[in-house]
Every structure is written in structure tokens, then in C-alpha cells.
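A short worksheet on the structure shown next.
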Amino acid sequence: MERIVINGGHPLRGTVRVSGAKNSSLAVMVAACLAPDVSVLENVPHCQDVLTLSEILQGLGVRIDFAGGRMVIDARELRGHRPAYDLVRRMRASFYTAGLLLGRLGRAEVPLPGGCSIGSRPVDFHMRGFAALGAEVTTEHGYMKATLGRRTRLRATQFYVPRSSVGTTINLMMAASLARGTTRLQNAAREPEVVDTAVFLNLMGARVRGAGTDTITIQGVPALHGAQYAIIPDRIEAGTYLLCGVATGGDVQVAGLIPEHLQALLAKLAEAGAEILVEPDGVRVRVTGELSGVDVDTAPYPGFATDLHPPLVAALTRARGVSTVRETIYESRFGYVDELRRLGADIRLDGDTVHVHGVPTLTGAPVEALDIRAGAAVVIGGLAATGTTEVSGIENIDRGYEGMVAKLRGLGAQVFRVGGEVALEVV
Ligand code: EPU
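If you're matching positions, the sequence shown starts at 598 in our numbering and goes up one per residue.
This is how it looks when you write it as C-alpha cells:
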């Protein structure tokens, strides 16, 4: 199996350019298929989740050409209403096809994506939303089946989005764009990826207002058309590289990011003692002295992103004193803790809270990337640790990070892929 090998313990220095946002791309790719037309997306990252979703959409009759970050989506022939189980189960965002198929074809049979290693992640909120939009929704043999019954279109509704769910907000925004009447989503997610999807939908002719606040209204239209759009920069990827700089006591500029999307992280890094410089084309982080521990609670945007929790903990393993990170979104996003312990980190888990006692040094060891962000955490740990760290399970890193090894090498890291193809690093 392919692995990433890191010879760590060296400060990273230099500039790395952020890729387009994976989680925006996944939503926008599906949104593009709401129109029987051609759309062009720019700045789409070449990562495995994007490729898997492309395969799912192609299986439904959509034509996709993807090269050099530019994706052409021709959804004129969308006809299937039952995406392939083997692909859907690999990633939760594939459930966006439910909103697409219900909105455009009036019928969706989508496998339940099931749980994953960061906690039980049901789709009950999505299904309640579809039912509120007038669909008849059942689950049978592992599939969610939704139809319009005798209706020809979904009907508008008022829906309170439980737990400000990102995926539910996006799925309902897409389906409601083609519903009859004006839908109002309350307690909607405010994440930048929601806003990106809404902006794209509006370019397609939708009437979505209020994205970025907790109340979104969607005035349904009978049909949408294709559009051209550039995906926003990936705030989680950007945060990951900033944390690589912090963890190694380095000096790293992440170019092309939107600083407002990372306010919670930047504030915590400054509190920990890192120097943050917001520059015209990005953010630079520099560590000259010792870091001190900080306390963080994850929260929906604009709070501290849960996806930056494991990378942050990895970067705090050598900070003076004690840091605490309380996870409020997922009940079991803690698998990475044992992996960081292999590197010598002193971490105690107490319910939903991780207590990190700073240690003077980490030492390289074999570790596993258990999911996308747990993978980022062990890479950060390996970069900070002296000696050699060998990361297995790197298909999880490839799911969400475009060319991570090449980007780290650009910052001077001694990091290599061994034992397999390098296709995903060649972008
Ligand atoms: N939830 C339910 N039922 C539902 C939907 C959500 O119980 O029907 C729960 C989830 O289990 C979770 C909470 O509600 O505990 C919030 O989940 P949300 O729906 O907001 O998450 P998501 O849309 O499934 C997206 C990102 C995740 C990111 C979360 C939170 C995509 C494709 N995924 O997931 O990203 O952690 O929002 O910000 O956009 C990643 O990129 O590594 C990743 C996991």
C-alpha cells in the first residue's frame, strides 16, 4: 500500500497556494446538474472526493470533462434517479444527488451514506426537509426513496434546519430552487460553502436570498440554466498549511486564501503566540518563540471549524502548558488521538474534550490517516517530530487534499510518497 514518509523536525518556510474548496466543489458540481444545460467550473481541486462524485454523476448520464482545475459539466442528458451504491457509500456529500434528482426529475432513490469514522452521521434532517417540501419519503433496503406522488413540482415550505446542518441547508436550497413558491430555511448553516453554492445557483437563474445568514429564502423558479463560476479557496486546506508552519516553528505564507474565512483559527494562533501577518495575497504565520496552550470549542461557522480540530491538536502538542479542544459537532472525532500518541504526544481524552499537555519533542513513528482531517493531523505531527514518520491510509488524505506532498515539498519539507502510483500528486 502507498504511504507518505516524512523526515520531520525541520521548520517549514515559503509560500503555498491554496486550492479550490473541496466541500464547495462537491455542492456546486451537483447544483450544476439542476439545469439541462452545460456549466463550467474553475478552481476545482483534483482530489479523490471530486473524482468519486464525478463518477456518480456520470453514472446518472452527466458528461464531465475535468482538467487543470476546469470542469465542464453537461447535464442535458441526466436521466438516472438511482446513483450507484458502491460509490455513494464512499462519501457523504454524494447525498446531494437526492436534492438534485428530486428537484429536477421528481424522483430520487439514493443509498443511505451511513456512518463514518468521525461519528454516526445520519441523513434524517435531509429527509425531513424533503418531506416538508412535499415529497413522499421512505427508506427501504438501505435506500432513501422520495417521489412527488401526484404533484409535478415540490412545494415551498418553512423549515427549521436542525443543528444548522451544512449538508441539509445545501440539499434543501438546491431542491427548493425548482419548487413552487418561496421556501424559508431557518437556523440555516452560514458556512462559506453554503454561500458559494447560493451564489452559483443564482448565476443559474435561481432566486436565493440571505445565504450567509441564518435565514435563507428561496423563491422557486420553473427551470435553471448553465453558468460559469470559480470555486472559493479551501479554508480548511489553507488552515492545514498554516498549522504545518506553526507546528514546525516555521514561517509559512498561504497565498490565495480569504482571511475572513479563517478568523477563528487566526485568533487562536495569535493567542498561542504565533505572529500572523495578513498580506495582500494571503496570510503568513511565523513562530519565533515557544507557543503556549489555548482553549478551543468547535462550532458552526464563524466559530472554530470542526475540520480544523485534529490539525490544531497536532500543532499544539509541543505548546507550553495545557490546551483543551472541545468537539461539539461530532461525537467521535477522536481516533487521531491514539495516532498522535505514537509520536509521543501527551493527550488525554475526557468525554468530548481533548486535553493536550505540551511535550518538548515528538519522535517519528508509523501512524495511520483514519479520515481526511485525522490524516492532516498525523502529517502535521510527523513534520514536527524528529526522525521518520510513515503514514498509512493515505487514500483518506487524497480524498480531500490536492497534491499535499508536492505542496509540502514546496515549503521545504522532506516528504515522499512511496509504494504506489503518484497520479494524484501530478496536478
Ligand atoms: N446530522 C444529523 N442528521 C442529518 C445531518 C446532520 O444528525 O441529517 C448531524 C451530523 O452527524 C453532525 C451535525 O449534524 O453531527 C452537523 O453535520 P452537517 O450536516 O453540518 O455536516 P455535513 O454537511 O455532513 C459538512 C462537511 C464536513 C464538515 C461538516 C461540519 C461536506 C461535504 N462535508 O458535512 O466536512 O465536517 O460539514 O462543518 O461539506 C471534511 O471535509 O473532512 C468534512 C467532514
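Note that CB positions come from ideal geometry on N, CA and C, so glycine has one too.
Nothing here was measured: the structure is a model prediction, and the numbers come from that model.
Assumed close pair residue i, residue j - CB separation to whole angstroms, cut-off 8 angstroms
i, j, result
"glycine 879", "leucine 854", "6 angstroms"
"tyrosine 838", "lysine 1004", "7 angstroms"
"glycine 817", "threonine 766", "Contact flag wrong, Cβ pair sits at about 16 angstroms."
"tyrosine 682", "proline 708", "4 angstroms"
"alanine 827", "glutamate 639", "4 angstroms"
"threonine 903", "alanine 942", "That belief does not hold up - the Cβ atoms of threonine 903 and alanine 942 are roughly 20 angstroms apart, past 8 angstroms."
"threonine 744", "glycine 778", "Wrong, their Cβ atoms sit about 19 angstroms apart, outside the cutoff."
"glycine 658", "arginine 676", "4 angstroms"
"glycine 847", "arginine 689", "With a Cβ gap of about 33 angstroms, glycine 847 and arginine 689 do not count as contacting."
"asparagine 668", "methionine 626", "Here residue 668 turns out to be methionine, not asparagine, going by the sequence shown. With 8 angstroms as the limit, methionine 668 and methionine 626 qualify as a contact, their Cβ atoms being about 7 angstroms apart."
"cysteine 644", "aspartate 995", "6 angstroms"
"glutamate 936", "leucine 980", "Contact doesn't hold; Cβ gap of about 14 angstroms is too wide."
"alanine 982", "glycine 606", "6 angstroms"
"leucine 650", "serine 691", "6 angstroms"
"valine 602", "valine 976", "Not a contact, Cβ separation roughly 11 angstroms."
"leucine 888", "arginine 917", "7 angstroms"
"alanine 861", "proline 897", "That belief does not hold up - the Cβ atoms of alanine 861 and proline 897 are roughly 11 angstroms apart, past 8 angstroms."
Residues that residue i bridges to, as DSSP identifies them
i, result
"glutamine 816", "Thr779, Arg804"
"proline 708", "Tyr740"
"tyrosine 826", "Leu638"
"methionine 668", "Leu638, Phe663"
"arginine 917", "Ser889"
"valine 880", "Val851, Val875"
"asparagine 993", "According to DSSP, asparagine 993 bridges with nothing at all."
"glycine 611", "Val849"
"glutamate 987", "Val602, Pro963"
"glutamate 733", "Thr744"
"glycine 617", "Pro830"
"isoleucine 944", "Val953"
Status (buried if at least 16 other CB within 10 Å, exposed otherwise) for residue i
i, result
"serine 616", "buried"
"alanine 974", "buried"
"lysine 885", "The residue you asked about is not lysine; residue 885 is threonine in the sequence shown. Threonine 885 should be labelled exposed."
"alanine 962", "buried"
"serine 636", "buried"
"glutamate 965", "buried"
"alanine 664", "exposed"
"phenylalanine 1030", "Past the boundaries of the shown model lies residue 1030; the chain is included only from 598 to 1024, so the question cannot be answered."
"proline 957", "exposed"
"leucine 905", "buried"
"methionine 770", "buried"
"glutamine 1025", "The structure shown does not extend to residue 1025, since the chain spans only 598 to 1024, so no value can be given for it."
"aspartate 721", "exposed"
"histidine 738", "exposed"
"glycine 1017", "exposed"
"proline 789", "buried"
"leucine 623", "buried"
"glutamate 834", "buried"
"aspartate 662", "exposed"
"threonine 986", "buried"
"valine 613", "buried"
"proline 680", "buried"
"threonine 694", "buried"
"glycine 746", "exposed"
"alanine 867", "exposed"
Residues near residue i in its chain [Cβ-Cβ closer than 8 angstroms; skip 5 each side]
i, result
"leucine 821", "Leu631, Ala632, Asp634, Ser774, Leu775, Leu798, Met801, Gly802, Ala803"
"glutamate 876", "Gln850"
"proline 907", "Arg930, Tyr933, Arg970, Ala971, Ala973, Ala974"
"aspartate 811", "Ser761, Gln783, Asn784, Ala785, Arg787"
"serine 989", "Met598, Arg600, Pro963, Val964, Glu965, Ala966"
Residues near residue i by beta carbon distance below 6 angstroms, same chain, minus five either side
i, result
"glutamate 652", "Leu684"
"proline 759", "Phe722"
"leucine 1021", "A caution first: leucine 1021 carries a pLDDT of 49, below 50, which makes its placement in the model too unreliable to give a value."
"threonine 845", "Pro608, Leu609, Leu980, Ala981"
"aspartate 671", "Val635, Arg660"
"phenylalanine 756", "Gly726, Ala729, Leu782"
"aspartate 629", "What sits at residue 629 in the sequence shown is alanine, not aspartate. Counting only Cβ-Cβ distances below 6 angstroms, and skipping sequence neighbours, we find Ser636, Ile670."
"arginine 832", "His858, Leu859"
"serine 920", "Gly890, Val891, Leu913, Val953"
Neighbourhood of residue i by C-beta, 7 angstroms cutoff - its chain only, sequence neighbours within 5 removed
i, result
"proline 830", "Val615, Gly617, Ala618, Gly853, Leu854, Ile855"
"glutamate 999", "Ser616, Pro642, His643, Cys644, Val1024"
"arginine 1036", "Because the chain in this structure spans residues 598 to 1024, residue 1036 falls outside the shown range and cannot be described."
"aspartate 894", "Phe901, Arg923, Thr925"
Closer than 7 angstroms: residue i CB and nearest the ligand ZN heavy atom
i, result
"threonine 612", "Ligands present in the displayed structure are limited to the ligand EPU, and the ligand ZN is not among them."
Handout entry: Segment contact flag, the stretch 997-1013 with the stretch 697-704, C-beta cutoff 8 angstroms, min 3 pairs
Key = No, the stretch 997-1013 does not touch the stretch 697-704.
Practice task
Decide yes or no for the touch test of the stretch 945-954 against the stretch 910-925: beta carbon pairs closer than 8 angstroms, at least 3 of them.
Solution key: Touching, yes.
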